[in-house]
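First up is the structure itself, then whatever we jot down about it.
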Amino acid sequence: MKKKITGKESFGEILEKYPEIGELLFEKGMHCAGCYMSANESLKDGALAHGINPKELIKEINQKLEN
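When we follow the working numbering, the leftmost residue of the sequence shown carries the number 30, and every step to the right adds one.
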């Protein structure tokens, strides 16, 4: 089982460990892979900046990682 995402991780960390999450983020309008902020911005902060509920996003990511 993969480690759960907490929201404190940066986009860069998440995409490096779990590249399959990139598609989900892209679908939500979070084009993180090409953004210079992604290396250091936390998932939670990025979600808030894009008007996305971070708790719901984290839940969705963790569900995807479990499958």
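Note that beta-carbon positions come from the ideal geometry of N, C-alpha and C, so glycine has one too. This structure is a prediction, so every number in the text was calculated from the model and none was measured.
Look at the Cβ atom of residue 36, then the Cβ atom of residue 59, and state whether they are nearer than 9 Å. no
Among the residues of its own chain, which have a CB less than 8 Å from the CB of residue 69, if the five just before and after it don't count? The answer, listed in chain order, is 39, 41.
Checking 9 Å against the spacing of the C-beta atoms, do residue 44 and residue 90 come in under that value? no
To the nearest angstrom, how far is the alpha carbon of residue 84 from that of residue 65? 24 Å
Beta-ladder partner(s) of residue 39, from DSSP: For residue 39, which the question treats as bridged, DSSP gives the partners 71.
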